[in-house]
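**Q**
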Ligand SMILES: [Zn+2]
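Residue numbers (this note's numbering), protein chains in the order written: chain A, 1 to 351; chain B, 1001 to 1332.
1. Report the residue from B:1207, B:1324, B:1089 whose alpha carbon sits nearest the alpha carbon of residue 203 (chain A).
2. Which residues neighbour ligand 1 when neighbourhood means a C-beta less than 6 Å away from any of its non-hydrogen atoms? List them by chain order.
3. Check whether the Cβ atoms of residue 263 (chain A) and residue 215 (chain A) lie closer than 8 Å to each other.
4. Within 10 angstroms of its Cβ, does residue 1043 (chain B) collect 16 or more other Cβ (buried), or is it exposed?
5. So, does the CB of residue 236 (chain A) fall closer than 8 Å to a CB anywhere in chain B?
6. Let me know the secondary structure DSSP gives residue 1243 (chain B) once reduced to three states.
7. With 8 Å as the C-beta to C-beta threshold (strictly closer), list the residues of the region 210-233 of chain A near chain B in chain order.
8. Under 8 Å, Cβ to Cβ, is there at least one residue of chain B near residue 172 (chain A)?
9. Chain A partners of residue 1222 (chain B), CB-CB under 8 Å?
10. Could you have a look at residue 201 (chain A) and say whether DSSP puts it in helix, strand or coil?
11. Name the chain B residues that come within less than 7 Å of residue 308 (chain A), Cβ to Cβ?
12. Leaving out five residues on either side along the sequence, give the residues of the same chain with a beta carbon under 7 Å from the beta carbon of residue 171 (chain A).
13. Pull out every residue of the region 175-199 of chain A whose Cβ sits closer than 9 Å to any Cβ of chain B, in chain order.
14. Of all the CB atoms in chain C, is at least one closer than 8 Å to the CB of residue 1160 (chain B)?
15. Could you tell me the boundaries of the beta strand (DSSP E) in which residue 1163 (chain B) lies?
16. Please list the partners that residue 98 (chain A) has in chain B, where partner means a Cβ-to-Cβ separation under 7 Å.
17. With 16 as the cutoff for other CB atoms within 10 Å, does residue 1322 (chain B) come out buried or exposed?
18. Consult DSSP for residue 318 (chain A) and reduce its assignment to one of helix, strand or coil.
19. Quick one: which unbroken beta strand (DSSP E) runs of 3-plus residues sit fully inside the region 24-88 of chain A? Chain order, please.
20. Quick one: which residues of the region 1123-1151 of chain B get their C-beta closer than 9 Å to a C-beta of chain A? List them in chain order.
21. So is residue 332 (chain A) in contact with chain B if we call contact Cβ pairs under 8 Å?
22. Helix, strand or coil: how does DSSP classify residue 223 (chain A) here?
23. With 16 other CB atoms within 10 Å as the buried threshold, where does residue 1289 (chain B) fall?
24. Would the region 1285-1301 of chain B count as touching the region 1257-1275 of chain B if we require 3 or more Cβ pairs under 8 Å?
25. Quick one: does residue 1060 (chain B) have its CB under 8 Å from some CB of chain A?
26. Check the DSSP bridge columns for residue 1068 (chain B) and list the partner residues they point to.
27. Rounded to the nearest angstrom, what separates residue 1178 (chain B) and residue 1305 (chain B) at their Cα positions?
28. Could you name the residues of the same chain whose beta carbon sits closer than 6 Å to that of residue 1229 (chain B), not counting the 5 residues immediately before and after it, in chain order?
29. What are the partner residues of residue 1176 (chain B), as DSSP defines its beta bridges?
30. Spatial neighbours of residue 128 (chain A) within its chain, please: CB distance less than 8 Å, with the 5 preceding and 5 following residues excluded, ordered by chain position.
31. With a threshold of 8 Å between beta carbons, is residue 10 (chain A) in contact with chain B?
32. With a cut-off of 8 Å, does the C-beta of residue 1270 (chain B) fall near any C-beta of chain A?
33. Taking the straight line between their C-alpha atoms, what separation do you get for residue 1181 (chain B) and residue 157 (chain A)?
34. Can you confirm whether residue 251 (chain A), when its beta carbon is compared against all beta carbons of chain B, has any partner nearer than 8 Å?
35. Do three or more CB pairs link the region 122-136 of chain A to the region 1230-1250 of chain B at distances below 8 Å?
36. Verify the CB distance criterion: does residue 1192 (chain B) have a CB-CB separation below 8 Å to chain A?
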């Protein structure tokens, strides 16, 4: 096995032993019961997996989100979806293969689906620009979304990007504007929109196709305003502090759900989505269909109202600085609270 | 002028009488992610700025006759004259940073500005500690800037036009956008939509405020959503880009104006020049990410010198808001 993360090693080693045993039983016909031993190792693998994956740090989640074997958009398009018909180009400048999109069916629903797409190997990564889109990607996405809107087709977006591309051409053709226009336009599209972060949710590059009625995130995906490495370089002055930054930024699925920044977590099979694509895709499909059904039950005007309210509500602030008396009160309360539960670090929204 | 990135001489103010930053503005690295590593040595929205003093304090503490050296033409400029000149060098027209309050003062009719949400402050929602704690950063910025956060919003009269006005201030945490910036702008936009008013937002920012994590990213969606409804009501929105203007702010409200204006020489972009250089390993073209470059590349409607800004804004609003009857005229 070439691709493995450090914390996956114990599993990979056991897997190796298991493979050896399975290969060799015929050659050792001494009456030893290998069946039993195989079962034992299988159980051990399961148990090790459970142990490792129930205690992942935020930084380990980031590594899983970037796992080279992790399913990408196109992998879900041929598993959770059927009949994908890719459509190309922004009609303005170019075809950006870092974002794929087109017609597809989700169950028996016709949808327009689009997502950022990484490459599996060097050659494909060059084609896909490592999943980092240029302005053309965002403009193609908007073209397809307007097409969907015109013909009443729901929009499903899958997000997996380290971020929009920081390049000369991207700046010359105004990547910031391309993202900004998407944010504004997605607010007013009549059709249901569901966005799912399936791997990396890299800042503005992710949000550029992420304004939706429902924002879902897969269990081992992350969504962040800045890469942990970038944050570490700025605030800790060293990129090696990325694991600390990953912790501080609160970017895991669980953290984001707790902060009400996403609507739901799509659970992954034990060991991560790459361990069982079929199962991961089935769960994703199930979640998408459920939300689609709920959204389709609403009148368009109500959906738009709720979409606006959802993003409108994001943010924490105080209307004014607390008086010394209020400060003391808050301190008392939070001391009481943190004694009860340490996870209550979120002040109430003042809105 | 060296347009390919940082301006030539890093300017160090002789006296802390003005509110420009210590570092050349073009090198502000926004907090947007890079595909590759951001450089290790970053000059970010979070670098230490020279101590900023409010205009009140300035008058009290510092005797008249102090001067400032223009970073572009190296002329010695009297602070008083520089202030009177809206912080523009009268020799070479270099635009120094200007505080939000001074800028508002330069645009609105006397006593017409009703500030909104003047007391709103940021909270440390994530409990962000690390190399620096957000709480400490906020406390030091409140103290040094006399500002509550990086934007001032309100409704005022510009010439004959009542308009929603949002003005950012780079001196407060590098003009970074967190929940307060987003919320204040959204309330301004919503009220302007309600009252059928045009909006002018004058931005300068290093990007999203990473201490607020994903809440800061969501301000991008939030502000653009509010602007979507303002636009649907066919009300004018003029976005004015000033030096420097990057990342999350550029990838949201600053880029969706009906008109996009910029001050001369302003550095404007998505990713910071150093991030781009590191990622692409390519030389940046001359003038890259300046207002002039972006006008040539089709983003900006017009470059407007600070001293002409008020008159030009009034002109545009005149043109856009006076209803014209287009259908009754054609009779045979
Ligand atoms: Zn000068």
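Just so you know, even glycine gets a beta-carbon here, dropped at the ideal spot from N, CA and C.
As the structure is a computational prediction, the values presented were derived from the model and not from experiment.
**A** Taking the definition as stated:
1. B:1207
2. Going by the Cβ distance cut-off, the answer is B:1070, B:1072, B:1073, B:1075, B:1089, B:1091, B:1092, B:1094.
3. yes
4. Because the pLDDT of residue 1043 (chain B) is 35, which lies under 50, any placement of that residue in the model is unreliable, and the question is left without a value.
5. At a cut-off of 8 Å between beta carbons, residue 236 (chain A) contacts chain B.
6. strand
7. The region 210-233 of chain A vs chain B, Cβ under 8 Å: 210, 211, 223, 224, 225, 226, 227, 229, 230, 231, 233.
8. yes
9. 311, 312, 314, 315
10. strand
11. 1225, listed in chain order.
12. none
13. 175, 176, 177, 178, 179, 180, 181, 182, 183, 184, 185, 186, 187, 188
14. In summary, chain C is missing from the structure at hand, where the protein chains are A and B.
15. 1161-1168
16. None at all; the shortest Cβ gap to chain B is about 10 Å.
17. It is exposed - the Cβ of residue 1322 (chain B) has fewer than 16 other Cβ atoms within 10 Å.
18. strand
19. If only uninterrupted beta strand (DSSP E) runs of at least 3 residues are considered, those enclosed by the region 24-88 of chain A are 82-86.
20. 1123, 1124, 1125, 1126, 1127, 1128, 1129, 1130, 1131, 1132, 1142, 1148, 1149
21. no
22. strand
23. buried
24. yes
25. Note that residue 1060 (chain B) scores a pLDDT of 46, beneath 50, so its modelled location is shaky; the value from the coordinates is reported in the next line. Chain A, which has no Cβ nearer than 8 Å to the Cβ of residue 1060 (chain B), makes this no.
26. B:1077
27. Residue 1178 (chain B) and residue 1305 (chain B) have their C-alpha atoms roughly 29 Å apart.
28. Listed in chain order, the non-local C-beta contacts of residue 1229 (chain B) below 6 Å within the same chain comprise 1193, local neighbours out to five positions each way being set aside.
29. Paired residues: none, contrary to the question.
30. 97, 98, 117, 118, 119
31. no
32. yes
33. When rounded, the distance between both Cα atoms is 28 Å.
34. Output row for residue 251 (chain A): interface = yes.
35. no
36. No, residue 1192 (chain B) does not count as interfacial toward chain A.
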